[in-house]
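For the sequence shown, the tail end lands on 385 under our numbering, and the numbers increase by one without skipping. All C-beta atoms in this analysis are idealised placements derived from N, C-alpha and C, irrespective of residue type, glycine included. As the structure is a computational prediction, the values presented were derived from the model and not from experiment. Data block below; observations after.
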Amino acid sequence: MSVATDWTRRLRRPRRSAAADVDWRADTFVVIDLETTGLDARHDHVVSYGAVPIRAGRVMTSESVYGLVHVPGDVPGSSIMFHGLRTQDLDGAPPLADCVATLDGLIGEHPVVAHCAWIERSFLRKAFRRSYLSFTSAMIDTAVLARRVLEVELDPGQAVSLEYAATELGLPVHSPHHALGDAVTTASLFLALAGRLERDISLTTAHLIALSEGSS
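In structure tokens form, the structure reads like this:
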């Protein structure tokens, strides 16, 4: 069975404006990765962020942004094992509001791409709300796209890891668990996955958003 026969028949009209119904290669996306103290946005905090635009099918690394974020209290050891950022590394780092201002200016009206996008969505919503803003950007989840393209069998609640998906597609993995490194890896993965999907259909941004909506 081709990829197309499995997923194209399940597409519904995306809940976005007609502006999203354009060839994905002609669109601009903003790829974001957040490193955090945990996965629960109600209690955990962002410690660093990385973002890189994709424009006309190209990863614009010259326009990437990266920053540390000051957190209240100590960074738990369980999260330091992943991202390597200690409490003292964040002393004097800018507040979360600065992160929001930077990302808000970069995102604008563009769709956001993330791996396991539910994590970024929950933390971005909380962060934007604290700055009296609303995070309402459409999101594309490379973990969901990778599961479709690679036809990976997973238990409920599991996701294809960023490193696994990149390796399976022959892509380099840039500085795992560094926010900007993961953002660049995710950007490359997104281009590879969209390239696979467009073999079977005239792929639009709206399609990519619709594919991600149910599971991100």
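Residue i versus the options, residue with shortest Cα-Cα distance
i      : options                        : result
Gln327 : Glu337, Thr336, Arg316         : Arg316
Ser233 : Asp369, Ser371, Glu367, Gly350 : Gly350
Pro245 : Pro280, Pro264, Gly207, Trp193 : Gly207
Phe359 : Ala334, Ile370, Glu382         : Ala334
Val199 : Asp273, Glu337, Pro241, His212 : Asp273
Pro264 : Trp287, Ser330, Gly236, His347 : Gly236
Ala225 : Ala195, Ala312, Gly242, Ile249 : Ala195
Arg368 : Ala312, Glu337, Val318         : Val318
Test item: CB-CB of residue i and residue j under 9 Å
i      : j      : result
Asp190 : Ala283 : no
Val221 : Val353 : yes
Leu254 : His239 : no
Ser306 : Ile276 : yes
Thr193 : Thr355 : Reading the sequence as shown, one finds Trp at residue 193 and not Thr. Contact flag unset, no.
Met308 : Ile223 : no
Ser381 : Asp310 : yes
Phe304 : Asp213 : no
Bridge partners - residue i, DSSP secondary structure assignment
i      : result
Ile309 : Val282
Phe110 : Outside the displayed range of the chain (170 to 385) lies residue 110, so it cannot be described from this structure.
Gly236 : Tyr218
Leu203 : Tyr218
Val228 : Ile223
Buried versus exposed call for residue i [16 or more other C-beta atoms within 10 Å across all chains shown]
i      : result
Gly219 : buried
Thr230 : exposed
His347 : buried
Proximity test, Cβ basis, 9 Å: residue i and chain C
i      : result
Leu362 : The chain labelled as chain C is not found in the depicted structure, where only one protein chain is given.
Whole-angstrom C-beta distance between residue j and residue i, which should lie under 8 Å
i      : j      : result
Pro345 : Glu332 : 6 Å
His279 : Thr197 : 5 Å
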